[in-house]
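K.L.:
Protein chains in written order, with the numbering used here: chain A, 1 to 392; chain B, 393 to 940.
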């Protein structure tokens, strides 16, 4: 009974009092159950993603961001659009970190039309600049799924068959205004082997369910901002390759870094081909990466040579994806009470508070739940195994 | 002379051009004039080339018609037939007025597009100047390459052509605002107007009939909003309103839609009645009872009817294009209970829809997505890099640690032995070489080459790089050479590159040398061009070998 006046105050006040949320939690409200479910699904993902599976590592991903009227809503602070764009910036960074030979493009949709914010490119800088500028766009009208998918298909259909073609839609509106039947478009997407995933910000929408089911993508609806971030980061990992994608040999160049000095007779000053149109930035310089096929110069890798079209990478870029080829085995779960000696996690040196602990099968060290997730998601190697390697 | 297949639309005799008598012919695609007595045309212009036509003012004695071309040239025809000059000229003018717009759009659009591209992109403009104006490649080649590239990813073109759906709430979105003195303002955007025209073609017809002859656009829309057609309760006031006809057409449309009925039995409300075995065990059929309609019901039903009609019109307008009526394949494959039903509701489709209605995905066992297992052969090769052909001596990390410990040990136990040191000059030169700025530490310091070359020279060099990059890009895109077209292109590109080198690169180099700049500014460009030439040479020799 006296929750009522308190709730009214909160609504009038306009800000949330987090200790009240906690109070509800302890009384066994729904929130705890939901978190439990989320956590279990995280664990399941770790256990399932083992076994060596063929992944599509050269990805061409188009992200469609809804800029319609519903993005002005204040349920994500300060409003949905600003929150989405901020999370997208960190997504872009992570994406290029984990997939150095992939490309990303951004499309926005509002007022029943779609337009390209950035083209499909491999350099994160342009995308981040464009995202920062897009915070001031006016959110108006209805989004158009058809138009944005169509726009994405225009570039994706020209991509070679061995790369993966993906579209990720962040949709907050519950409606979409399309000029034609979207079922036809879904068939086209299937034929082109484009995988569409959707992250909904409001609620589950039937057309998105059908779209993702038919094309083989995933559909999730966010609960709050941290869940949103988690769902976004799910798409950083390369998806398993479908059975129909061709595999072929890919030509790549591995240019060495040339450092030359003025006293060196052979040194030739040159411009980087990627900086020709920028008025600021690097001017003439002596060193750099020279494309092995056409000798054009670039200042950073990975890049696609503008002159001859060869993908230029350095070996560490490819080595970054090795953990997909040799994934870390899942740790065995065991109840904490069964452990004889220490109740301390080997990784964080904290006390084992949870009910279960995880043991590495090779070195038998014990880890807590959080450390187990961290090891499998980010580290990809058991820290104790590394330490215990005997010197040659 | 004119080809036989050309259709001659109008022939006018006694038309002078440049003080010569002759005949004017207007054909299907061009206009031509031939002097009298001769068989051939001396003047011939395609309608696509003509920008506009001009006529001499009415009062003048000389009755003339002038054609202005896109290139700026103009041709004037003087109608000198005494009796029918004015009529002839007007006939020619009318015909041209009809024909020119048809051809105008095609030619103009391309030129406009090119101009726009040149204006928007200064880099492109510079490239155009460097390559075409200096005759390294021809205009056609330049634009062929450019337009071909941008066709795939031209966002502006695709934006112009983007089709827009009709929002169901477009009428509600108009949102009238009061303007203070007992009036209402309706904000109409182009989108809303287009939606109204597409949903209600009757209104569009009325618009075409009345505007701009009888009513201005503002008046038309004012009347539209004032008419009862727009408002909820459509009480027909009489025939004065231009929209009452639209109301009648809507009624007819609605009736025909109701007559069609609903095909999807899961949604058909009329058939969802309890069928009970009444008296007589089903022998006598019961009549459906009609409820008494009250006055309130009738006004509600009017609103509901209006609402249904609006939704039906929106759907009809949206699905108008490209929808093949009765495509049973699409229904069976797209099993999502979509209410956009086909007209053929065959039993298999019905079964699928029934199946969907009774099953819930969440309650089923989750289907794991099919993944392909990775098949790695010789996976230990991933643990280290490629093995070199000759054995090389690698120092392991343990070696390095050992050597470090050794040096540390040496330093601790160092005792200076002043009789066996290096001489001071050697020592100081060694220290100088190892300090920042020394010979061995050059890589670490900032490259000052930027300051050594003046900015205008750098700017010119940048333009040269852009032009060379463009040409080289086309050269390299020809490989692998599969078709004869590519063979031609590659040979042409090589000659283009050579021409570029001669006409642009060498003068620049000479200019730089005259300015006594020591740095070899064009060395890298020359290297790139040399690589391209050697590739061409290799390809050529291989081709020769294959042929022999």
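Built from N, CA and C at the ideal position, the CB exists for glycine as well.
#1: For residue 512 of chain B and residue 481 of chain B, what's the separation of their Cα atoms in angstroms?
#2: Got a sec, what are the start and stop residues for the alpha helix (DSSP H) residue 254 of chain A sits in?
#3: Strictly below 8 Å CB to CB, what residues from chain B border residue 178 of chain A?
#4: Are the CB atoms of residue 128 of chain A and residue 117 of chain A nearer to each other than 8 Å?
#5: How many Å lie between residue 615 of chain B and residue 578 of chain B at the Cα?
#6: Under the DSSP definition of a beta bridge, which residues are partnered with residue 470 of chain B?
#7: Between which two residues does the beta strand (DSSP E) holding residue 438 of chain B run?
#8: Does any C-beta atom of chain A lie closer than 8 Å to the C-beta of residue 923 of chain B?
#9: If you draw a straight line from the C-alpha of residue 196 of chain A to the C-alpha of residue 248 of chain A, how long is it?
#10: What does a CB cutoff of less than 6 Å around residue 716 of chain B pick up in its chain, not counting 5 residues either side in sequence?
#11: Residues of the stretch 136 to 151 of chain A with a CB closer than 9 Å to any CB of chain B: list them in chain order, please.
#12: My guess is that residue 359 of chain A and residue 369 of chain A are in contact by the Cβ rule of under 8 Å, so how many angstroms apart are they, rounded?
#13: Please confirm whether residue 284 of chain A and residue 298 of chain A have their CB atoms less than 8 Å apart.
#14: Would residue 306 of chain A pass as an interface residue toward chain B - the criterion being a Cβ-Cβ separation below 8 Å?
#15: Out of A:72, A:154, A:122, which one is the CA nearest neighbour of residue 171 of chain A?
#16: For residue 862 of chain B, count neighbouring C-beta atoms within 10 Å of its own C-beta (all shown protein chains included) and say buried if the count is 16 or more, exposed if not.
#17: With DSSP collapsed to three states, give me the class of residue 417 of chain B.
#18: Given residue 492 of chain B, which residues of its chain have a CB within under 8 Å of its CB, disregarding the five upstream and five downstream residues?
#19: Work out the CA separation of residue 254 of chain A and residue 315 of chain A for me, nearest whole Å.
#20: Exposed or buried, residue 100 of chain A, counting other C-beta atoms within 10 Å across all chains shown (16 or more means buried)?
#21: Taking 8 Å as the CB-CB cut-off, is residue 749 of chain B touching chain A?
#22: Can you name the residues of chain A whose CB is closer than 8 Å to the CB of residue 938 of chain B?
#23: Using a beta-carbon distance below 8 Å, is residue 241 of chain A in contact with chain B?
#24: Please tell me whether residue 147 of chain A and residue 175 of chain A are closer than 8 Å, where the distance is taken between their beta carbons.
#25: Just to confirm before moving on: does the CB-CB distance between residue 766 of chain B and residue 53 of chain A stay below 8 Å?
#26: Do residue 706 of chain B and residue 558 of chain B come within 8 Å of each other at the CB atom, strictly closer than that value?
#27: Unbroken alpha helix (DSSP H) runs of length 4 or more, entirely within the stretch 344 to 390 of chain A: which are they?
#28: Do residue 865 of chain B and residue 307 of chain A have their C-beta atoms within less than 8 Å of each other?
#29: Which one or two residues does DSSP pair with residue 427 of chain B in a beta bridge?
#30: Exposed or buried, what is residue 662 of chain B when buried is set at 16 or more other beta-carbons lying within 10 Å of its beta-carbon?
#31: Below 8 Å, how does it come out for the stretch 75 to 84 of chain A and the stretch 151 to 159 of chain A: are there three or more Cβ pairs, yes or no?
#32: Are the C-beta atoms of residue 284 of chain A and some chain B residue less than 8 Å apart?
#33: Per the contact definition of three or more C-beta pairs closer than 8 Å, is the stretch 596 to 606 of chain B in contact with the stretch 555 to 571 of chain B?
#34: Would you please verify whether the beta carbon of residue 857 of chain B is less than 8 Å from any beta carbon of chain A?
#35: Determine the chain B residues that contact residue 53 of chain A at a beta-carbon separation under 9 Å, and present them in chain order.
#36: Under 8 Å, Cβ to Cβ, is there at least one residue of chain E near residue 576 of chain B?
P.N.:
Taking the definition as stated:
#1: 42 Å
#2: From DSSP, residue 254 of chain A is part of no alpha helix (DSSP H); its letter is neither H nor E.
#3: 557, 710
#4: no
#5: 12 Å
#6: B:408, B:456
#7: 435 to 438
#8: yes
#9: 24 Å
#10: Interpretation of residue 716 of chain B is limited by its pLDDT of 37, a score under 50 that renders its predicted location unreliable; the figure taken from the coordinates is listed afterwards. Excluding residues within five positions, none has a Cβ falling inside 6 Å.
#11: 141, 142, 144, 146, 147, 150, 151
#12: At roughly 13 Å, the Cβ-Cβ gap does not stay under 8 Å, so residue 359 of chain A and residue 369 of chain A are not in contact.
#13: no
#14: yes
#15: A:72
#16: buried
#17: strand
#18: 439, 442, 444, 445
#19: 7 Å
#20: buried
#21: no
#22: By Cβ distance, chain A contributes nothing, its closest Cβ being about 22 Å from residue 938 of chain B, past 8 Å.
#23: yes
#24: no
#25: yes
#26: yes
#27: 369 to 374, 383 to 387
#28: yes
#29: B:414
#30: exposed
#31: no
#32: yes
#33: no
#34: yes
#35: 763, 764, 765, 766
#36: Going by chain labels, chain E is absent from the structure shown, which instead holds the protein chains A and B.
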